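Have a look at the structure below before the remarks.
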Amino acid sequence: MKIRQILNNNVALVQRGELDLIVLSNGLSFRKKVGDSISADEVDKVFVPDSNDVLENYSYLLSNVNQEILKATTRIVRLVEEELGEAVNDYLYLTLLDHVDYSLKRAEKGQYIVSPLAWEVRKFYPKQYELSKQALTIIFEETKVDFPESEAVSIALHLINLQETKVSIEDTMKEMRLVGDILTIIKMHYQIQLDEGSMNYNRLVTHLRYFAQRVAAGEIYSSQETEINKQVRMMYPQAFLCVQKISKYLYQQFQKELTKDEETYLMLHISRVAQRKESEE
Numbered sequence: 001m002k003i004r005q006i007l008n009n010n011v012a013l014v015q016r017g018e019l020d021l022i023v024l025s026n027g028l029s030f031r032k033k034v035g036d037s038i039s040a041d042e043v044d045k046v047f048v049p050d051s052n053d054v055l056e057n058y059s060y061l062l063s064n065v066n067q068e069i070l071k072a073t074t075r076i077v078r079l080v081e082e083e084l085g086e087a088v089n090d091y092l093y094l095t096l097l098d099h100v101d102y103s104l105k106r107a108e109k110g111q112y113i114v115s116p117l118a119w120e121v122r123k124f125y126p127k128q129y130e131l132s133k134q135a136l137t138i139i140f141e142e143t144k145v146d147f148p149e150s151e152a153v154s155i156a157l158h159l160i161n162l163q164e165t166k167v168s169i170e171d172t173m174k175e176m177r178l179v180g181d182i183l184t185i186i187k188m189h190y191q192i193q194l195d196e197g198s199m200n201y202n203r204l205v206t207h208l209r210y211f212a213q214r215v216a217a218g219e220i221y222s223s224q225e226t227e228i229n230k231q232v233r234m235m236y237p238q239a240f241l242c243v244q245k246i247s248k249y250l251y252q253q254f255q256k257e258l259t260k261d262e263e264t265y266l267m268l269h270i271s272r273v274a275q276r277k278e279s280e281e
């Protein structure tokens, strides 16, 4: 690989065959100049931009962050790969790098973000949340900036989007908010606290998470199995009233209408999670 441009002591733009690559390693470019060769053994990380725009964005980002942030991000990525057993792609590495850089700039001004999705992230993605808390420890070790635990939620949102086929962080936040709002509607309707350790609760949450993904993708079930729906309505009248509230919320927020099948599944799950309350009435 030959150096085309030195971005800083740790980052260089190189050419390998017909490809333009960005390579990263501590002190990589020290005492080197354009035209010099770099071997694969000297490189810790290789980025393969798929367009000139991406190349420019990657180059700007990597050349404008300091060594401590690069080291912290690299350590976080290695931790994530080890714990989740998945290779982290360039997208996640660079969005994490950008996030850590921006968070540190906010911290200098005493500005810390408390995400409205803290409860949802802790509840639905506990492993990513725990990894994010470890990430805060790594950031402190490398930068001496001590973030509050609430900052872990923002990092966790990046880890949730680890999959190669990504849903945007914005879409993930919308889906989690939808799940949280539906759970709130259920609790308010029945005037109960749900048993979050129960099997029925976990089944409900699992159903709601997939339901939220279908809503976001416009893939709500289209069949209209009315006879079963009628029977379930009669068996669980309170669950039916609760689902009507959920249906109204869904239309107001997403302009989506529940099909009979979705309505039926929701009634069944809600009746199970609230069956103690219904049996008392």
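Okay, so the sequence shown: first residue is 1 according to the UniProt record's numbering, each after it adds one. Built from N, CA and C at the ideal position, the CB exists for glycine as well. This structure is a prediction, so every number in the text was calculated from the model and none was measured.
Which whole-angstrom value is the C-beta distance of residue i and residue j, which I expect to be below 8 Å?
i	j	result
Lys45	Leu79	So it is not a contact: roughly 15 Å between Cβ atoms.
Pro49	Tyr58	5 Å
Phe140	Ala107	About 11 Å separates the two Cβ atoms, so there is no contact after all.
Tyr125	Ala156	6 Å
Ser63	Leu97	Incorrect: roughly 12 Å between the Cβ atoms, too far for contact.
Ile185	Lys245	5 Å
Applying the 10 Å Cβ sphere with the 16-neighbour rule, what's the burial state of residue i?
i	result
Ser103	buried
Ala72	buried
Glu175	buried
Phe240	buried
residue 321	The structure shown does not extend to residue 321, since the chain spans only 1 to 281, so no value can be given for it.
Ala212	buried
Val14	buried
Val179	buried
Met188	exposed
Tyr190	buried
Glu170	exposed
Glu120	buried
Glu227	exposed
Are the CB atoms of residue j and residue i within a distance shorter than 8 Å?
i	j	result
Ile69	Asp41	no
Phe47	Leu19	no
Tyr249	Ser271	no
Leu194	Val243	no
Ile160	Ile76	no
residue 286	Asn10	Residue 286 is absent from the structure shown; the chain starts at 1 and stops at 281.
Lys260	Asn229	yes
Ile3	Val54	no
Glu83	Leu131	yes
Arg177	Leu117	yes
To which residues of the same chain is residue i closer than 6 Å at the C-beta, ignoring the five residues directly before and after it?
i	result
His269	Leu204 and His207
Tyr210	none
Gln128	Ala156, Leu159 and Ile160
Ala217	none
Ile182	Leu208 and Ile246
Only counting the same chain, and skipping five residues up and downstream in sequence, which positions put a Cβ closer than 7 Å to that of residue i?
i	result
Tyr201	Leu194, Asp195 and Val273
Phe254	Val215
Lys133	Glu149 and Ala152
Val145	Leu104, Ala107 and Ile139
Gly17	none
Leu266	Val243 and Ile246
Gln275	none
In chain order, what residues of the same chain lie with their CB nearer than 8 Å to the CB of residue i, ignoring the 5 residues before and after it?
i	result
Lys166	The pLDDT assigned to Lys166 is 49, lower than 50, so where the model puts this residue is not dependable, and the model offers no usable value.
Tyr251	Glu257
Asp36	Lys2 and Ile3
Met173	Leu117 and Leu157
Could one say the Cβ of residue i lies closer than 8 Å to chain C's Cβ atoms, at least one of them?
i	result
Arg177	Checking the listed chains, one finds no chain C in this structure; it contains a single protein chain.
Cβ of residue i versus every heavy atom of the ligand COA: is any distance shorter than 7 Å?
i	result
Tyr251	For the ligand COA, the structure offers nothing, since it holds no ligand at all.
Contact between the segment 142-152 and the segment 105-113 (3+ Cβ pairs under 8 Å): yes
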